[in-house]
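*Asks:* Okay, handing you the structure first.
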Amino acid sequence: MAHGIIYNHLDLPQVLVVRPPDSFSLYQSQYSHKFHFLKAWESPVPLDQFLSTNARNVQALLSCGRFPINVDLLRLLPSLRLVVTPSAGLNHIDLSECHSRGVAVANAGSVACCDVADLAVGLFIDVLRKISAADRYVKQGLWASKTSYPPGSKLKGKRIGIVGLGSIGQEVAKRLEAFGCSISYNSRNQKKSFSYPFYSNVVELSANSDALVICCGLSDQTHRLINKEVLLALGKEGVLINVGRGAIIDEKEMVQCLVQGDIGGAGLDVFENEPNVPKELFALDNVVLSPHRAAFTPETLTSMREIAVGNLEAFFSNKPLLSQVIDD
Amino acid sequence: MESIDVLMLCPMISYLEQELQRRYNVLKLWTAPEKSQFIKDHSATIRAIVGDGGHGADAEMIEALPRLEILSSNSVGVDKIDLKKCREKGIRVTYTPDVLNDEVADLAIGLILAVLRRLCASDRYVRSGKWKKGDFKLTTKFTGKTVGIIGLGRIGMAIAKRAEAFNCPICYFSRTEKPDTKYKYYPSVLELASNCQILVVACSLTAESRHIVNREVMNALGPKGVLINIGRGPHVDEPELVSALVEGRLGGAGLDVYEHEPEVPEELFSLENVVLLPHVGTATVETRKAMADLVVGNLEAHFSNKPLLTPLV
Numbered sequence: 001m002a003h004g005i006i007y008n009h010l011d012l013p014q015v016l017v018v019r020p021p022d023s024f025s026l027y028q029s030q031y032s033h034k035f036h037f038l039k040a041w042e043s044p045v046p047l048d049q050f051l052s053t054n055a056r057n058v059q060a061l062l063s064c065g066r067f068p069i070n071v072d073l074l075r076l077l078p079s080l081r082l083v084v085t086p087s088a089g090l091n092h093i094d095l096s097e098c099h100s101r102g103v104a105v106a107n108a109g110s111v112a113c114c115d116v117a118d119l120a121v122g123l124f125i126d127v128l129r130k131i132s133a134a135d136r137y138v139k140q141g142l143w144a145s146k147t148s149y150p151p152g153s154k155l156k157g158k159r160i161g162i163v164g165l166g167s168i169g170q171e172v173a174k175r176l177e178a179f180g181c182s183i184s185y186n187s188r189n190q191k192k193s194f195s196y197p198f199y200s201n202v203v204e205l206s207a208n209s210d211a212l213v214i215c216c217g218l219s220d221q222t223h224r225l226i227n228k229e230v231l232l233a234l235g236k237e238g239v240l241i242n243v244g245r246g247a248i249i250d251e252k253e254m255v256q257c258l259v260q261g262d263i264g265g266a267g268l269d270v271f272e273n274e275p276n277v278p279k280e281l282f283a284l285d286n287v288v289l290s291p292h293r294a295a296f297t298p299e300t301l302t303s304m305r306e307i308a309v310g311n312l313e314a315f316f317s318n319k320p321l322l323s324q325v326i327d328d
Numbered sequence: 329m330e331s332i333d334v335l336m337l338c339p340m341i342s343y344l345e346q347e348l349q350r351r352y353n354v355l356k357l358w359t360a361p362e363k364s365q366f367i368k369d370h371s372a373t374i375r376a377i378v379g380d381g382g383h384g385a386d387a388e389m390i391e392a393l394p395r396l397e398i399l400s401s402n403s404v405g406v407d408k409i410d411l412k413k414c415r416e417k418g419i420r421v422t423y424t425p426d427v428l429n430d431e432v433a434d435l436a437i438g439l440i441l442a443v444l445r446r447l448c449a450s451d452r453y454v455r456s457g458k459w460k461k462g463d464f465k466l467t468t469k470f471t472g473k474t475v476g477i478i479g480l481g482r483i484g485m486a487i488a489k490r491a492e493a494f495n496c497p498i499c500y501f502s503r504t505e506k507p508d509t510k511y512k513y514y515p516s517v518l519e520l521a522s523n524c525q526i527l528v529v530a531c532s533l534t535a536e537s538r539h540i541v542n543r544e545v546m547n548a549l550g551p552k553g554v555l556i557n558i559g560r561g562p563h564v565d566e567p568e569l570v571s572a573l574v575e576g577r578l579g580g581a582g583l584d585v586y587e588h589e590p591e592v593p594e595e596l597f598s599l600e601n602v603v604l605l606p607h608v609g610t611a612t613v614e615t616r617k618a619m620a621d622l623v624v625g626n627l628e629a630h631f632s633n634k635p636l637l638t639p640l641v
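These protein sequence lines map, in sequence, to chains A and B. Taking the numbering used here, the leading residue of the first sequence gets 1, the next gets one more, and so forth. Taking the numbering used here, the leading residue of the second sequence gets 329, the next gets one more, and so forth.
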């Protein structure tokens, strides 16, 4: 009598999962023949107890992209050698703590960069040309009164200041150049392979830009990088686009600037305390709000899953990681 | 110097009205209680008409104005002007090409992103407080999708250039194949629609292009396909469009123009895969001024016997 192969999970490499990443069921169904997923959240006992009982030998952790990977967790995992996060974002991971413990970190690399760049550009066009506001206007039946809708502002010739010229920032630059925009940037380091003007100071970048597009990650250096000074330098006609992390901007200051008309508009995919969004923004037509979906297309989620698994496979077969995060 | 009578067909931006009033005696047709009487009363003196995309001159109006020399349209679309009649009578017609290519192309891409990435629907989702209860759904990737353009004129080319920056393969239908482009040509709109994921209407409205996007074309574009119309409402069979969207035979639509503006089919209001704009293709402060300058500049050139800036006829 034929029967299917039953994998003895004790032979498979263990991967700790503290909280499930999005679509974890797909990891299970597609990869349970390759890995034994240790699902901490399913246990009724407290996490530290679960880990000391079950995870002493665990070498790899698959992050959900949000649950903090910090010293409190790491000290419970003495054998850990690898953290894989399916996100591009790393701000939930204490990178220096991982580094000092010899734990490698791998993220989604640049698989999400086109979708995130697309959303940044979409938000920018929406703010300048009032797309969401006008769609609201028409769908409320207001166009029937035949008054001409107030005009927007052209893209051509706009000076774009990109904060963070990594893979996302580069894709944003490439797209906006096709609209006749000019590109400048601020980044941790100047990128010699790009001829865009580099500003070492974000306030200066802002003062010389008609729009700022935040494409960098959240770190100690970028926390509240976009502060009141930067916002005022951007000016009354200036537009702020954020597809990085909410905490890169001083949110309270930004809200005040928008309400008072000190900046011209904003397109935001991320916020300091998601899913909470400052309600003062709801009354503003020059603001477009997006619920942290920049990377969330089926194609990118699949790519994120594939690269996460690819990193795990590489690790367990002693091959170089596909997308190791090297602090540069 | 005698003041020249210029008939203005509809209200326009105040900058244009002011510039015209500084130079000419402007007769505002929309203020007249009885329009045909108004035209009769001034028929001996009207030498120019200023219209726009929605207001032109038909044969009747042209015949009623024996002293008409020039029609300067504040638009690039001239489907409301009887061009044949103008040619017959030697009346010059000017329009506003090129100054709006970028604006219209920008809006086309903006509509594509708004539909595929659900920008308007997700903005509504956040404003309504629903994000607190759960994440918004996944949306559709734009990068790399095949874009099909109907009409590869100035605006069509500007759209293609932008879409290429998103790694989109470009294909097109045009009255004649364009030998010096690298984009793939299809000899019919139906074939184009069968081979692209996003179909953009960017041609001019003529008798041949009316309802160029019909039920067959929409079915070929399909339940994952998206239609973007920045041309003219009559390019698309509107009742068929509504049923295709409501029934899910068409995946989505971004519309800036409609068959009977400002009427918009209400069945579309609740569809989150549909973005509706109130004919704002050229609606930026900068472009409106540039268009107005062309309208006035063409009139000035004509009345000082200089070459017209942007003549069509």
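Note that the Cβ used here is the ideal one computed from N, Cα and C, for glycine as well.
By the three-class DSSP mapping on this structure, what secondary structure does Lys236 of chain A have?
*Replies:* In this structure, Lys236 of chain A counts as coil in the three-state DSSP scheme.
*Asks:* Within the 8 Å Cβ cut-off, does Ile437 of chain B reach chain A?
*Replies:* For Ile437 of chain B, the answer is yes, since a Cβ of chain A falls inside 8 Å of its Cβ.
*Asks:* By a C-beta neighbour count over all protein chains shown, 10 Å radius and 16 as the cutoff for buried, is Ala387 of chain B buried or exposed?
*Replies:* Ala387 of chain B comes out exposed.
*Asks:* Would you call the stretch 422-440 of chain B and the stretch 599-616 of chain B touching, i.e. three or more CB-CB distances under 8 Å?
*Replies:* Yes, since at least three Cβ pairs between the stretch 422-440 of chain B and the stretch 599-616 of chain B fall closer than 8 Å, the two stretches touch.
*Asks:* Between Ala108 of chain A and chain B, is any beta-carbon pair separated by less than 8 Å?
*Replies:* Not closer than 8 Å to any Cβ of chain B, the Cβ of Ala108 of chain A fails to qualify, so no.
*Asks:* Is the distance from the Cβ of His99 of chain A to the Cβ of Asp327 of chain A below 8 Å?
*Replies:* Yes, these two residues count as a Cβ contact at 8 Å.
*Asks:* Tell me which residue opens and which closes the beta strand (DSSP E) that His36 of chain A is part of.
*Replies:* It spans 36-39 - the beta strand (DSSP E) in which His36 of chain A sits, taken as one unbroken run.
*Asks:* Is there a Cβ of chain B sitting closer than 8 Å to that of Ile125 of chain A, yes or no?
*Replies:* Output row for Ile125 of chain A: interface = yes.
*Asks:* For Ala2 of chain A, which of helix, strand or coil comes out of DSSP?
*Replies:* Any reading at Ala2 of chain A must be qualified, since the residue scores a pLDDT of 45, below 50, and its modelled position is unreliable; no value is offered.
*Asks:* Cα-Cα, which of A:Pro278, A:Gln140, A:Asn227 is closest to Trp459 of chain B?
*Replies:* That would be A:Pro278, whose Cα lies nearest to the Cα of Trp459 of chain B.
*Asks:* So, does the CB of Trp143 of chain A fall closer than 8 Å to a CB anywhere in chain B?
*Replies:* With 8 Å as the cut-off, Trp143 of chain A counts as an interface residue toward chain B.
*Asks:* Between B:Gly561, B:Tyr343, B:Asp333, which lies nearest to Ile367 of chain B when the distance is taken from Cα to Cα?
*Replies:* The option with the nearest alpha carbon to Ile367 of chain B is B:Asp333.
*Asks:* Using C-beta distances below 7 Å, list every residue in its chain close to Phe494 of chain B, excluding the 5 sequence neighbours before and after it, in chain order.
*Replies:* Excluding residues within five positions, the ones whose Cβ falls inside 7 Å are Phe470, Thr471.
*Asks:* Since Val203 of chain A is in the alpha helix (DSSP H), which residue starts that stretch and which ends it?
*Replies:* 202-207 is the extent of the alpha helix (DSSP H) around Val203 of chain A.
*Asks:* Keeping to the same chain, check which residues put their C-beta closer than 6 Å to that of Arg616 of chain B; ignore five residues upstream and five downstream.
*Replies:* Once the five neighbours on either side are set aside, the close Cβ partners of Arg616 of chain B are Ile341.
*Asks:* Using a threshold of 8 Å, state whether the C-beta atoms of Ile168 of chain A and Val288 of chain A are closer than that.
*Replies:* Contact: no.
*Asks:* In chain A, which residues lie with their C-beta within 7 Å of the C-beta of Ser289 of chain B?
*Replies:* Nothing about residue 289 of chain B can be read from this structure; chain B reaches only from 329 to 641.
*Asks:* Consult DSSP for Gly246 of chain A and reduce its assignment to one of helix, strand or coil.
*Replies:* In the structure shown, Gly246 of chain A sits in a helix (DSSP, three-state: H, G or I).
*Asks:* Measuring straight from C-alpha to C-alpha, what distance separates Glu345 of chain B and Leu637 of chain B?
*Replies:* Rounded to whole angstroms, Glu345 of chain B to Leu637 of chain B spans 20 Å at the Cα level.
*Asks:* Check the Cβ-Cβ distances between Leu480 of chain B and every residue of chain A, and say whether any is below 8 Å.
*Replies:* Taking Cβ atoms only, chain A never reaches closer than 8 Å to Leu480 of chain B, which makes this a no.
*Asks:* Interface residues of chain A around Tyr453 of chain B at Cβ under 7 Å?
*Replies:* Per Cβ cutoff of 7 Å: Pro291.
*Asks:* Are the beta-carbon atoms belonging to His563 of chain B and Val529 of chain B less than 8 Å from one another?
*Replies:* Yes, the Cβ-Cβ distance between His563 of chain B and Val529 of chain B is below 8 Å.
*Asks:* Just list the residues that DSSP pairs Thr612 of chain B with in beta bridges.
*Replies:* Paired residues: A:Gly152.
*Asks:* Tell me the residue span of the alpha helix (DSSP H) that contains Cys113 of chain A.
*Replies:* Per DSSP, Cys113 of chain A belongs to the alpha helix (DSSP H) from 113-129.
*Asks:* Report the residues of the stretch 560-573 of chain B with a CB closer than 9 Å to any CB of chain A, ordered along the chain.
*Replies:* Hits within the stretch: zero.
*Asks:* Is the Cβ of Ala308 of chain A closer than 8 Å to any Cβ of chain B?
*Replies:* Not an interface residue.
*Asks:* Quick one: is Lys460 of chain B near chain A, going by C-beta distance under 8 Å?
*Replies:* Output row for Lys460 of chain B: interface = yes.
*Asks:* With 16 as the cutoff for other CB atoms within 10 Å, does Gly267 of chain A come out buried or exposed?
*Replies:* Gly267 of chain A is buried by the Cβ-count criterion.
*Asks:* Under the DSSP definition of a beta bridge, which residues are partnered with Arg159 of chain A?
*Replies:* Paired residue(s): A:Ser182.
*Asks:* So the alpha helix (DSSP H) Cys414 of chain B belongs to, where does it begin and stop?
*Replies:* 411-417 is the span of the alpha helix (DSSP H), which, as asked, contains Cys414 of chain B.
*Asks:* Does the beta-carbon of Val18 of chain A have 16 or more other beta-carbons within 10 angstroms, so that it is buried, or is it exposed?
*Replies:* Looking at its Cβ environment, which holds 16 or more other Cβ atoms inside 10 Å, Val18 of chain A is buried.
*Asks:* Kindly indicate which three-state DSSP category Met340 of chain B falls into: helix, strand or coil?
*Replies:* Note: Met340 of chain B maps to coil in three-state DSSP.
*Asks:* For a cutoff of 8 Å on Cβ pairs, would you count Val121 of chain A as touching chain B?
*Replies:* Interface residue, yes.
*Asks:* If you compare alpha carbons, which of A:Val127, A:Leu225, A:Val103, A:Leu258 is closest to Leu62 of chain A?
*Replies:* Selected option, being the one with the closest Cα: A:Val103.
*Asks:* Would Ala173 of chain A and Ser206 of chain A be called neighbours here (beta carbons separated by less than 8 Å)?
*Replies:* Not in contact: Ala173 of chain A and Ser206 of chain A (Cβ atoms no closer than 8 Å).
*Asks:* Within 10 angstroms of its Cβ, does Asp565 of chain B collect 16 or more other Cβ (buried), or is it exposed?
*Replies:* Its Cβ being crowded by 16 or more others within 10 Å, Asp565 of chain B is buried.
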